[in-house]
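Okay, structure first, notes after.
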Amino acid sequence: MRAEPLPWRPGANTKTPDDAIAYIEAALEEVGPEGIKAALRAISDSEGMSALARKTGLNRQGLYRALSEEGDPKLSTLNAILDALGLRLSVTRKSVA
Numbered sequence: 005m006r007a008e009p010l011p012w013r014p015g016a017n018t019k020t021p022d023d024a025i026a027y028i029e030a031a032l033e034e035v036g037p038e039g040i041k042a043a044l045r046a047i048s049d050s051e052g053m054s055a056l057a058r059k060t061g062l063n064r065q066g067l068y069r070a071l072s073e074e075g076d077p078k079l080s081t082l083n084a085i086l087d088a089l090g091l092r093l094s095v096t097r098k099s100v101a
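Quick note: the sequence shown uses the numbering used here, first residue 5, plus one each step.
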């Protein structure tokens, strides 16, 4: 009997904060600011949304809603998610081409 392949989960390889940083930076570079939400959703799914909800103090449904395609998460929500993942928001100078 042949085993069925597991579905691909984009955030599944984000085991450390450095992995998450690389994933989020790649999403920003390829997609732009909207990529942050998709990357955080993939990482959150990989972590387990219920576990992340406990770490952030936010409810699971609110996290799903904030990170959905239609979602528009508040800065406090993004900060809570990043903090739970061992990350923080920072600003750097934009490179001029």
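Think of the CB as a built atom: it goes at the ideal place given N, C-alpha and C, for glycine as much as any other residue.
- Between L86 and P77, the C-beta spacing is not below 8 Å.
- Residue environment for L67: buried (at least 16 other C-beta atoms within 10 angstroms of its C-beta).
- Cβ contact annotation for V35 (same chain, cutoff 8 Å, sequence separation greater than five): A42, in chain order.
- Taken in chain order, the unbroken stretches of alpha helix (DSSP H) that lie wholly in the segment 60 to 96 and span 4 residues or more are 64 to 70 and 79 to 88.
- In the DSSP assignment, P21 falls within the unbroken alpha helix (DSSP H) covering P21 to V35.
- By the beta-carbon neighbour count (other beta carbons within 10 angstroms, threshold 16), S48 is buried.
- Excluding residues up to 5 positions away in sequence, A24, Y27, I47 and S50 lie with their Cβ nearer than 7 Å to the Cβ of T18 in the same chain.
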